Amino acid sequence: MPLPLLFLIVLLPALGRTQTGDQFGMCRSLRGSEAGPGWEFYACQPPPANMKEVMQIRVDPPGITCGNPPERFCTLENPYLCSDECDASSPDLSHPPQLMGDRERGGLITYWQTVTWSRFPEPLLANITLSWNKSLEVVDDITVTFEYGRPTSMVLEKSMDEGVTWQPYQYYADDCLEAFGMSPKRVSDLAPSNLTRVICTEQYSRWEEKVVVFEVRARFGVFAGPKLINMDALYTRMETMKGLRDFFTFTNLRGCDCNLHAAQCVLRDATLQCECDHNTMGQDCQRCSRGFKSRSWRPGSYLPLPKGTANTCTYIMLHVCVSVSDCECNGHSNRCSYIDFINVVTCVSCKHNTRGQNCQYCRLGYYRNASLSLDDENVCVECGCDANLSASPHCSDSGVCQCKDGATGRRCDSCLPGYTWREGGSMNICDKERLICQNGGTCVDFQRCVCPDSFTGLFCEQSVCLKKGGCLDDAAGSSSHLTSHLYLLTLGLITSTFC
46 MPLPLLFLIV LLPALGRTQT GDQFGMCRSL RGSEAGPGWE FYACQPPPAN
96 MKEVMQIRVD PPGITCGNPP ERFCTLENPY LCSDECDASS PDLSHPPQLM
146 GDRERGGLIT YWQTVTWSRF PEPLLANITL SWNKSLEVVD DITVTFEYGR
196 PTSMVLEKSM DEGVTWQPYQ YYADDCLEAF GMSPKRVSDL APSNLTRVIC
246 TEQYSRWEEK VVVFEVRARF GVFAGPKLIN MDALYTRMET MKGLRDFFTF
296 TNLRGCDCNL HAAQCVLRDA TLQCECDHNT MGQDCQRCSR GFKSRSWRPG
346 SYLPLPKGTA NTCTYIMLHV CVSVSDCECN GHSNRCSYID FINVVTCVSC
396 KHNTRGQNCQ YCRLGYYRNA SLSLDDENVC VECGCDANLS ASPHCSDSGV
446 CQCKDGATGR RCDSCLPGYT WREGGSMNIC DKERLICQNG GTCVDFQRCV
496 CPDSFTGLFC EQSVCLKKGG CLDDAAGSSS HLTSHLYLLT LGLITSTFC
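Mapping of the sequence shown onto the working numbering: position 456 corresponds to residue 501, and the numbering continues sequentially without gaps.
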C-alpha cells in the first residue's frame, strides 16, 4: 500500500538589486542655459525591491490547504513515522497560504502546506497565484523552496492582464518529454536570438533537493556577461530586440514597472503606485497628465546610453482657439476649446451620439457597442427603452433598461406573469381561466369585467334592481348573492346586498 505523502512549500522571491546601480534613478535635473534655468529629463525607474512584502496569495482548488479537518502526516525524510500534525485552528500547527512569504522570526521555519497526498499515484494538483495588481519587471532570480522535496512537475506562468489570461514562463519536470512533450534544456543552451524561448528543464526536479529557480540573472548574462557588468549591452537589447523587454514584465508575479517615467514606487491604499514624472499619470505612468496631449504618450527608452530618453508628454498650448491637431475627439468632432481655469482642452459639438471631453462617452439614452472601436461612427447604439414600461430612457453600459414594476426584457417591452401591457404594466385584475368575473361577466384585457345587464360591480357580483320594484331574475339574483358572499368571504371583505 502506498504511503501518504505531502506537499510543503516556502516561497522566497529573491528580487534583489543587480549591477544597474543608480543609472536610471533620476527623472530630471535643473540645468542652466542662456535662456535661464530649465529641466532636463531622463529615463528613470524605481530601484529593485523585494516584492514578497506586498504580494497577495491565492491557492486553488478550495480545500487544498491542510488542517481542516486536522490530520496527521508523514514526511519524505521518515515516511514510516506519521507523527506530525496540521491543524488550521491552532496557530502553532497551521500552515495557511500567508506563510509562503512571511518573515520568519526566531529561526522558525514557516511554510504553506497542502492536504496529505493520500491518493497516490493520482497527482496532487495545486495552483498558487501571486498578484500585486500592477505590472512588474523581474530583475533577479525567482526562487521557490519546497520544505520536503521538489514536485515531480511544475509550471511557472505569468499574466499581463491581471490574471485573465496566462502564458507559460518555464516548465519543470523530472521527465520533460513525458510530462510536457518537450525536450529538456537549460538556460545555458539559449542564444541571444532565442533568449525569450520558453523551455522545460529537468535541472530542478530531483526529490532530495528543495529549491526550484527561474534563472533571470543567467538570461541577463547572455548579453551583460556572467557577472552582469556590461548592463549597457542588455539595455540596448531591451530596446532593439522585439519581445525581450516584455518577456521580463508581467502583472501577476524587479521591481515596479513605470514605463521609465518614475524613480519611486510606493504602497498607497494597499496598492503599488508609481510616483510619475515626465507629465505622466496612472498606476504605471501609462498615460499623459491632464493638460497634455494624450496621444503624445510613449514609454521612456534606455537609449541613448547612459541616460536614455524620457519621452515626456507634450504640453497643450494655452490658447482659446485650439488647432485641429490638438483636438483628440476620436473622430467625432474637429472642434475643441481650452478651459483655462481647469487647464483642460475639451471637444465641442460631438457627433454620432457621443459626448465627453474627448467624445469618448455615449449620450444619455445610448450605450457603447463594445465590439466597435471608439472612433467608429456607429459606436453608440440607442437604448430603445419602452416609453411606458421603463423607469428611464437611459440604459446601462450593456444596453439594459431599468424597468417599472411588472415589466421585463432588455428594453422593458414585455410583462412579467400576472401583469398585462396596459398603462405601464398594470397588475391583472381578471382572466378567463380563473373565472373571477361572476354571473356571466366577461374579462376584457385582464383589467375589467363586462357584466350582463342584470349585474354590476367590479366582478359582476351585485344584482341590478329595477326602479319599478323587484330585481331582474330573482332566481339568478339569489344564486348570485350566494356566489357573491362566498367570493367576498374568501377575500375577507364585507358587503351588503340589497334590493
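Backbone N, C-alpha and C fix where the C-beta goes; we use that ideal spot for every residue, glycine too.
Remember, it's a predicted structure, so these values are computed and weren't measured experimentally.
Expressed to the nearest angstrom, what Euclidean distance is found between the alpha-carbon atoms of residue i and residue j?
i	j	result
C553	S382	This structure leaves residue 553 out entirely; the chain is present only between 46 and 544.
P344	E427	38 Å
C89	E98	23 Å
K338	T391	12 Å
E223	C245	11 Å
A307	P91	6 Å
T325	Y360	11 Å
S435	S499	41 Å
C404	Q248	55 Å
G208	C460	40 Å
F86	N304	14 Å
P462	N484	26 Å
V389	Q447	34 Å
N297	K449	In this prediction, N297 has a pLDDT of 36, which is less than 50 and means its spatial position is unreliable; what the coordinates show is noted afterwards. Looking at the two C-alpha atoms, the distance is approximately 43 Å.
E254	S128	23 Å
D219	Q309	41 Å
S139	S198	26 Å
G327	S204	19 Å
W252	G353	46 Å
A432	R455	13 Å
A520	P438	Because the pLDDT at A520 is just 40, under 50, the model does not fix this residue reliably, and the value given afterwards should be weighed accordingly. Using only the alpha carbons, I get a separation of about 55 Å.
M145	V160	15 Å
F225	G410	53 Å
C301	C72	15 Å
V200	G429	49 Å
Q349	S334	Gln is not the amino acid found at residue 349; the sequence shown has Pro there. Roughly 25 Å between the two C-alpha positions.
N95	R408	47 Å
C510	Y464	34 Å
I481	C440	38 Å
V489	R400	47 Å
L417	D442	14 Å
R340	W84	22 Å
R332	Q212	26 Å
G470	A415	Since pLDDT at G470 reaches only 48, below the 50 mark, its modelled position is unreliable, and the value read off the structure follows with that caveat. Straight-line Cα distance between these residues: approximately 31 Å.
T241	C221	19 Å
W162	S238	42 Å
Q120	C319	A small correction: the amino acid at residue 120 is Thr; Gln does not occupy that position in the sequence shown. Their backbone Cα atoms lie some 44 Å apart in a straight line.
So, is residue i buried or exposed, given that buried needs 16 or more other C-beta atoms within 10 angstroms?
i	result
K396	exposed
Q68	buried
A355	buried
E506	buried
V424	buried
A452	buried
P136	exposed
Q101	exposed
T487	exposed
P196	buried
C494	buried
S508	buried
W157	buried
T210	exposed
G77	exposed
Y125	exposed
V311	exposed
D314	exposed
F543	Its pLDDT being 34, under 50, F543 is placed unreliably in this model, and the coordinates cannot settle the point.
D329	buried
W177	buried
N398	buried
Give the C-beta separation of residue i and residue j to the nearest angstrom, bearing in mind that I take them to be a contact with Cβ-Cβ under 8 Å.
i	j	result
P142	T110	6 Å
L317	K179	4 Å
C321	W342	Their Cβ separation, rounded to whole angstroms, is 11 Å, which puts C321 and W342 out of contact at 8 Å.
N375	L419	5 Å
Y214	S250	About 16 Å; that fails the 8 Å criterion.
Y406	G444	Not quite, the Cβ-Cβ distance comes to about 14 Å (not below 8 Å), so this is no contact.
P115	E130	6 Å
T174	V256	Contact flag wrong, Cβ pair sits at about 21 Å.
V104	N172	7 Å
A133	G108	Actually they are not in contact, since the Cβ atoms of A133 and G108 sit about 11 Å apart, beyond 8 Å.
Check the Cβ-Cβ distances between residue i and every residue of chain C, and say whether any is below 9 Å.
i	result
T190	Of the protein chains in this structure there is only one, and it is not chain C.
Taking 8 Å as the line, does the beta carbon of residue i fall inside it for any heavy atom of the ligand SAH?
i	result
W211	As for the ligand SAH, it is missing from this structure, which has no ligand bound.
Evaluate the contact criterion for the segment 255-267 versus the segment 183-201: three or more CB pairs, one atom per stretch, below 8 Å. Contact holds: three or more Cβ-Cβ distances are below 8 Å.
Three or more C-beta pairs under 8 Å: does that hold for the segment 162-179 against the segment 228-244? With a cut-off of 8 Å, the segment 228-244 and the segment 162-179 do not count as touching, because too few Cβ pairs lie within range.
Which whole runs of the alpha helix (DSSP H) in the segment 199-227 are 4 residues long or more, in chain order? 221-225
If we require 3 or more residues per run, which beta strand (DSSP E) segments fall completely within the segment 124-195? Runs of the beta strand (DSSP E) inside the segment 124-195: 129-131, 172-176 and 187-190.
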